[in-house]
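Residue numbers (my numbering): 1 to 444.
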């Protein structure tokens, strides 16, 4: 709408009047906007509550899983002999006796040179037979130096690598297998020639097990007396699920036993996340809390607490979480007594599992907690249903706000038009009055 200018000749401040009237007219809009902010804050608080519940569900779900009590770990009695990794599948003790480590083949040329830049060959070719497969022959041109020959071999990226070493008797070409094990050994097919000097040569009869600085060799070891060989020092599944990293010859014991470290970590996380819920609840119960007195938050807190305090008829020796060190304190927080938990784990893990997960026909204490959390934040849980209502409320408020803004724009335009017309009329009347007064003075 085009701007309206008042004459001001009549002494009336129309803009002040307009602003005062519009301020009064805007009160319903202000009330709606305040409702909108409060509802948005409530929605944000429910988002925070949902996140806290999700964080509490994570350890609860883990502790009610069968995997919580079936984890195994493998340990080595001497990690300098063999290191252990992997996810073992069968508990037990295994005697590991390592006789030989797997080794890669290393072959040094019989010929030594005064310098690595000396000519090693003028012609011929060289290739390698690795595991029954022969590499493409490298054809040698005249004047090929020891360094150039090394580079040509390495450029093939085959199962061998070449280097130059000075052993005190001259610079020699050293060929090494890239992987350990007898199957990765090699035979050198050498027909190099040198018209001006000694051609590069290797030991007569050289093979993976003869004529080498180090012969190719498999690892040899026994597990509980059963002989095993391996081309690699990294051995998988000789012990089911376990990876053995063989480091030196020797005898050790590998023990595969139950691993409760993850169980304890999840219990500690459950304590932390429950206390986060408790803290959030206490904050919201303050007079300025967005969810002060909200029934959903109250039920979430009450149901989770009751689940942790409830007696569980599982048929085992433990019927309350407090008996294994999980107790609700006088302040409402959850506290873990690790010594009690360790005692339960070490003395009766089956009874601990029965308490957490229940037995046939009877749910466990943490099954009850899991159900309580799902009721609050499940697919059809209280939070999701409440947030649907909040979302509908926000949409309704936004529609009302938009309507109020339209009404106010129309009201302002109407008042501007009215005040402008009134101002103009009053200005005209003032001018007419002045003219009459002047005429009267002239007549009399």
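Beta carbons are placed, not taken as given, at the ideal position from N, Cα and C, and that holds for glycine.
Query: Cα-Cα separation, residue 156 to residue 113; Result: 24 angstroms
Query: Residues that residue 335 bridges to, as DSSP identifies them; Result: 327
Query: Paired residues, beta bridge with residue 96 - DSSP; Result: 223, 252
Query: Neighbourhood of residue 324 by C-beta distance below 7 angstroms, restricted to the same chain and skipping five residues each side; Result: 318, 340, 341, 344, 352, 355
Query: Residue from 411, 423, 426, 212 whose Cα sits closest to the Cα of residue 22; Result: 411
Query: Segment contact, 8 angstroms Cβ cut-off, at least three pairs: the stretch 50-68 with the stretch 421-430; Result: no
Query: Residues near residue 301 by beta carbon distance below 8 angstroms, same chain, minus five either side; Result: 277, 278, 281
Query: Span of the beta strand (DSSP E), counted from its first residue to its last, around residue 368; Result: No beta strand (DSSP E) holds residue 368; the alpha helix (DSSP H) holding it covers 365-377.
Query: Within 7 angstroms, strictly: CB atoms of residue 134 and residue 127; Result: yes
Query: Meets three-Cβ-pair contact criterion under 8 angstroms: the stretch 158-171 and the stretch 63-80; Result: no
Query: As assigned by DSSP and simplified to three states, the class of residue 218; Result: coil
Query: Sub-7 angstroms separation of residue 108 and residue 160 beta-carbons; Result: no
Query: Residue 46 versus 96, 290, 111, 95, residue with shortest Cα-Cα distance; Result: 290
Query: Residue ranges of each beta strand (DSSP E) within the stretch 42-120, 3 or longer; Result: 72-76, 82-86, 92-100, 106-108
Query: Any 3 or more C-beta pairs closer than 8 angstroms across the stretch 82-95 and the stretch 245-254; Result: yes
Query: Terminal residues of the beta strand (DSSP E) in which residue 126 lies; Result: 125-130
Query: Spatial distance of residue 245 from residue 232 (CA atoms); Result: 9 angstroms
Query: From 97, 149, 238, residue whose alpha carbon lies closest to that of residue 121; Result: 149
Query: Same chain only: Cβ atoms within 7 angstroms of residue 336, ignoring 5 sequence neighbours per side; Result: 267, 268, 271, 325, 326
Query: DSSP bridge partner residues for residue 271 (one or two, in chain order); Result: Bridge partners of residue 271: none, in fact.
Query: Beta-carbon spacing of residue 200, residue 111 below 7 angstroms; Result: yes
Query: Sheet register partners of residue 358 (DSSP bridge); Result: 363
Query: 8 angstroms contact criterion, which residue 208 and residue 105 should meet: CB distance rounded; Result: 6 angstroms
Query: Selection from 388, 184, 311 that minimises the alpha carbon distance to residue 322; Result: 311
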